[in-house]
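There are 2 protein chains.
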Amino acid sequence: MSKSKQPTIIDVAKEAGVSIATVSNVINRRKVPMAKETIRKVEDAVNRLGYRRNVMATNLSRRRSYELGLIIPHFGGYYGRFAEMLEQKVHRFGYHLSVFSAAGMNPEIERRHLELLLQRRVDGLVSHGLAMSMDSTRQIVGGGMPLVIFNGWGWPGDMVKLAVNLDFAKASSEAVRHFHENGCRSIVYAGRRKGLGANEQRIQGFTAGIQDYARESIHAILDVDELGIEGTLDEALKLSGEQKPLGIYTFNDALAFEILAVCHARSIRVPEDVKLIGMDNELFSKASFPAITSFDMPVELQTSLVAAFLIKQIGEELDEETEQLLDAHLARKKDRELLIDLTMMARPSTANAERPLRSAQS
Amino acid sequence: MSKSKQPTIIDVAKEAGVSIATVSNVINRRKVPMAKETIRKVEDAVNRLGYRRNVMATNLSRRRSYELGLIIPHFGGYYGRFAEMLEQKVHRFGYHLSVFSAAGMNPEIERRHLELLLQRRVDGLVSHGLAMSMDSTRQIVGGGMPLVIFNGWGWPGDMVKLAVNLDFAKASSEAVRHFHENGCRSIVYAGRRKGLGANEQRIQGFTAGIQDYARESIHAILDVDELGIEGTLDEALKLSGEQKPLGIYTFNDALAFEILAVCHARSIRVPEDVKLIGMDNELFSKASFPAITSFDMPVELQTSLVAAFLIKQIGEELDEETEQLLDAHLARKKDRELLIDLTMMARPSTANAERPLRSAQS
DNA sequence: CTGTTAGCGCTTTCAT
DNA sequence: ATGAAAGCGCTAACAG
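Those protein sequences? They're chains A and B, same order as listed. Residues in the first sequence are numbered consecutively from 1, following this note's numbering. Residues in the second sequence are numbered consecutively from 363, following this note's numbering.
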């Protein structure tokens, strides 16, 4: 047939008895007027030959890749869901999403992925706040690459146009209130230093929450990376003394879960003696015993906003609906940061005999 | 400076005062002899301009993409780890991996991803056994695309050259034995119909295990999709009658975990009354209370084999070490299927007062 | 409505 | 050791 394996646009043109320009036109469904008959002929030829356009040639010619890159720390839990949703969102605008996992923030792998993305000439980038180094970012953005960060704090305004962040601070404050309302007389935050910005947001919100709702309670901020699981629990217990019940708000569900296991092992009653609140609303927090109160992350909304903003920044038109959604949120952004509320899922781990559960259930 | 944004090889050539062919040569570190001075000049120019080669042009010219595609049902747990590891493996051979999640086996999304992969002219494909339809597969493989399946059963030999599968059947048989050795007098398998091939492998191994090790015990195969979690437990309990303890082997850890929660809620003692074995060795199975016995999946080995075979099929040379690894395993493949052993992680959920834990711990 | 043609940025003979 | 030139497959003016 032809030289290489797959048929090209030339083969199709020949088969259909038209020029390659015409083939290109019908393939791309351009707005140029074409004879119905011609369209049919071309489509027939395409099917007969099993023609499939070569994206590399297309993009080279168009000087656009219609590809967006996403860099996340790993594929698990929230990030995996985020990637999946974002892919769907950008697809609506005709873009494809290339997802890269930094394999646990390995900087070398991160650089490699970033480099590849750039060599691919992606039209835009979205990155988790921790996945990219300041250096890489500055260089890239300086080169004019549209970029939006999610869950990133402390980025200089000249580098990042917009960060779409989950409001961990607010959620943390709510966690304190929830503990307080459910009778906790001592409250601690068990954080992860390596959670970096996300951890700091929680600390900030926790502190504010204590001020606002539970100033008189015993409270503390503990570092699990330093104390270990058991050590953290020991310390919390020691601090609380007779001031029970003790509320422990953790960096994430995984941590809450581990603490719960230790409680079980030591016959510490949850929620009677210790109440637990996690973060992420992982499946196991719902299915554990007792089920753990947690915060649900509105991935749907977050990815919608990220996609909308990025697409717009690239210079594409948004549909009416998306435009409005974006505007509505952009209106209340402060300082290049868009905050998205988390939803508390109250569950038995914070139940109180005298009070029914409040907030969203599951 | 130049017309569009990014500098091209032409700009570099101009800057270095050489021809583009020369630039191409030094960039690709070809074996052709070049003057040291020339190399230096070119590299300087590259750095000065911040040149970054355009992959689309490169690939178009080479008529190869050096890109491999991976299709998985979703990014969670095992699959996410698989993707991450495979990416590293193929990178050693100079290939890049594009990962696509079929978003829970949505066939429309699957087709879209597949189509894109083909339009990108990937050099090879690896797919989860369930992620691709027979139709797509036949068409693609017929077109000469190298493909390797992992965890797929029942693929006709004309379509799939090799399937690299985890030996769920063997593991399931071991689970039965483990239950039996730890005193279970009734044993059930709680499966998921929608687990398809993977579920059938488990059923097959479970049945064989009963024959081999526990013929006299009460046993049954239950379908959780039909009975629900509670229903499954009820049924298992009813069947077992006075024949305690009851061993429940589940399709995966998530399921075991849910059953455990119900046991807690009903004050059924684990492992005294009910013993549990899961599959996947998820983090929460290790951290739950009691920790759940499970099977660890050797993702490292599996991805190594998948990568090695695929790369070889593409026609690339393997290094000595990889070649040997592949040969060693290929030697004991039967019928286009390569089986990989899982490792049991015995934990308290199957503990027996009279017997210490056996097998690998954690 | 359809065809001609000039690129897109890079690789790869083949000369020199 | 280096360069000229012919593509790779497709898009997008621009003519007709």
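Beta carbons are placed, not taken as given, at the ideal position from N, Cα and C, and that holds for glycine.
Proximity below 8 Å, CB of residue i to CB of residue j
i: Leu325 (chain A); j: Lys312 (chain A); result: no
i: Ile221 (chain A); j: Ala131 (chain A); result: no
i: Val306 (chain A); j: Val126 (chain A); result: yes
i: Phe257 (chain A); j: Phe646 (chain B); result: yes
i: Leu372 (chain A); j: Val12 (chain A); result: This structure cannot speak to residue 372 (chain A), because chain A is shown only from 1 to 362.
i: Gly486 (chain B); j: Gly514 (chain B); result: no
i: Gly677 (chain B); j: Phe613 (chain B); result: no
i: Ala537 (chain B); j: Tyr611 (chain B); result: yes
i: Ser61 (chain A); j: Val122 (chain A); result: no
i: Glu634 (chain B); j: Ala525 (chain B); result: no
i: Asp223 (chain A); j: Gly191 (chain A); result: yes
i: Asp167 (chain A); j: Leu339 (chain A); result: yes
i: Pro607 (chain B); j: Gly519 (chain B); result: no
i: Thr384 (chain B); j: Thr370 (chain B); result: no
Nonlocal neighbours in the same chain, by C-beta distance under 7 Å from residue i, ignoring five residues either side
i: Pro107 (chain A); result: Ser133
i: Arg340 (chain B); result: No answer is possible for residue 340 (chain B): it lies beyond the span of chain B, which begins at 363 and ends at 724.
i: Gly154 (chain A); result: Gly197
i: Arg500 (chain B); result: Met521
i: Arg52 (chain A); result: Gln6
i: Ser650 (chain B); result: Phe619 and Leu622
i: Leu301 (chain A); result: Ile340
Boundaries of the alpha helix (DSSP H) in which residue i is found, first to last residue
i: Ala618 (chain B); result: Asp615 to Ala627
i: Ala378 (chain B); result: Ile371 to Ala378
i: Ser489 (chain B); result: No alpha helix (DSSP H) holds Ser489 (chain B); the beta strand (DSSP E) holding it covers Gly486 to His490.
i: Gly247 (chain A); result: Careful: Gly247 (chain A) lies outside any alpha helix (DSSP H), inside the beta strand (DSSP E) at Leu246 to Thr250.
i: Met707 (chain B); result: Per DSSP, Met707 (chain B) belongs to no alpha helix (DSSP H); it is in the beta strand (DSSP E), Thr705 to Met707.
i: Ser650 (chain B); result: Where Ser650 (chain B) is concerned, there is no enclosing alpha helix (DSSP H), given that its DSSP letter is neither H nor E.
i: Arg48 (chain A); result: Lys36 to Leu49
i: Leu316 (chain A); result: Looking at the sequence shown, residue 316 (chain A) is not Leu but Glu. Where Glu316 (chain A) is concerned, there is no enclosing alpha helix (DSSP H), given that its DSSP letter is neither H nor E.
i: Pro469 (chain B); result: Pro469 to Gln481
i: Asp280 (chain A); result: No alpha helix (DSSP H) holds Asp280 (chain A); DSSP gives it neither H nor E.
i: Gly504 (chain B); result: Met496 to Gly504
i: Thr384 (chain B); result: Ile382 to Ile389
i: Arg52 (chain A); result: Where Arg52 (chain A) is concerned, there is no enclosing alpha helix (DSSP H), given that its DSSP letter is neither H nor E.
Closer than 7 Å: residue i CB and nearest the ligand GTP heavy atom
i: Gln313 (chain A); result: Ligands in the displayed structure: none, and consequently the ligand GTP is not present.
Residue range of the unbroken beta strand (DSSP E) whose run includes residue i
i: Lys275 (chain A); result: Val274 to Ile277
i: Phe93 (chain A); result: Element bounds for Phe93 (chain A): n/a, residue is neither H nor E.
i: Phe295 (chain A); result: Ser294 to Asp296
i: Asp223 (chain A); result: Ile218 to Asp223
i: Gly69 (chain A); result: Glu67 to Ile72
i: Leu338 (chain A); result: Glu337 to Ile340
Sequence-distant residues of its chain with Cβ nearer than 8 Å to residue i (five each side left out)
i: Leu601 (chain B); result: Ser548, Val550, Ile580 and Ala582
i: Val32 (chain A); result: Asn25
i: Pro356 (chain A); result: Low confidence applies here, because Pro356 (chain A) scores a pLDDT of 49, under 50, leaving its location unreliable; read the following figure in that light. Once the five neighbours on either side are set aside, Pro356 (chain A) has no close Cβ partner at all.
i: Val18 (chain A); result: Thr38, Lys41 and Val42
i: Lys14 (chain A); result: none
6 Å Cβ shell around residue i - same chain, five flanking residues per side excluded
i: Val661 (chain B); result: Arg443, Phe444 and Met447
i: Leu476 (chain B); result: Ser498
i: Tyr457 (chain B); result: Tyr428 and Leu430
i: Gln723 (chain B); result: The predicted model places Gln723 (chain B) with a pLDDT of 45, which falls under 50 and marks its position as unreliable, so this point remains unresolved.
i: His180 (chain A); result: Tyr213 and Ala214
i: Val461 (chain B); result: Leu432 and Ala445
i: Arg473 (chain B); result: none
Inter-stretch contact (C-beta, 8 Å, three-pair minimum) for the region 162-180 of chain A and the region 191-206 of chain A
The region 162-180 of chain A, when compared against the region 191-206 of chain A, does touch it at the 8 Å Cβ threshold.
Along the chain, which unbroken stretches of the alpha helix (DSSP H) at least 4 residues long are found entirely within the region 146-208 of chain A?
Taken in chain order, the whole alpha helix (DSSP H) runs of length 4 or more contained in the region 146-208 of chain A are 168-181.
Assess, as a yes-or-no matter, whether the region 455-466 of chain B is touched by the region 645-659 of chain B under the definition of 3 or more beta carbon pairs within less than 8 Å.
These segments do not touch.
If contact is defined by three or more beta carbon pairs under 8 Å, each pair taking one atom from either stretch, is the region 632-640 of chain B in contact with the region 416-423 of chain B?
The answer is no - the region 632-640 of chain B does not touch the region 416-423 of chain B, with fewer than three Cβ pairs under 8 Å.
Any contact of the region 260-276 of chain A with the region 588-595 of chain B, i.e. 3+ C-beta pairs under 8 Å?
When Cβ pairs closer than 8 Å are counted between the two stretches, the region 260-276 of chain A is seen not to touch the region 588-595 of chain B, the count staying below three.
Assess, as a yes-or-no matter, whether the region 38-48 of chain A is touched by the region 16-27 of chain A under the definition of 3 or more beta carbon pairs within less than 8 Å.
Taking one beta carbon from each stretch, the region 16-27 of chain A and the region 38-48 of chain A have 3 or more pairs nearer than 8 Å; the two touch.
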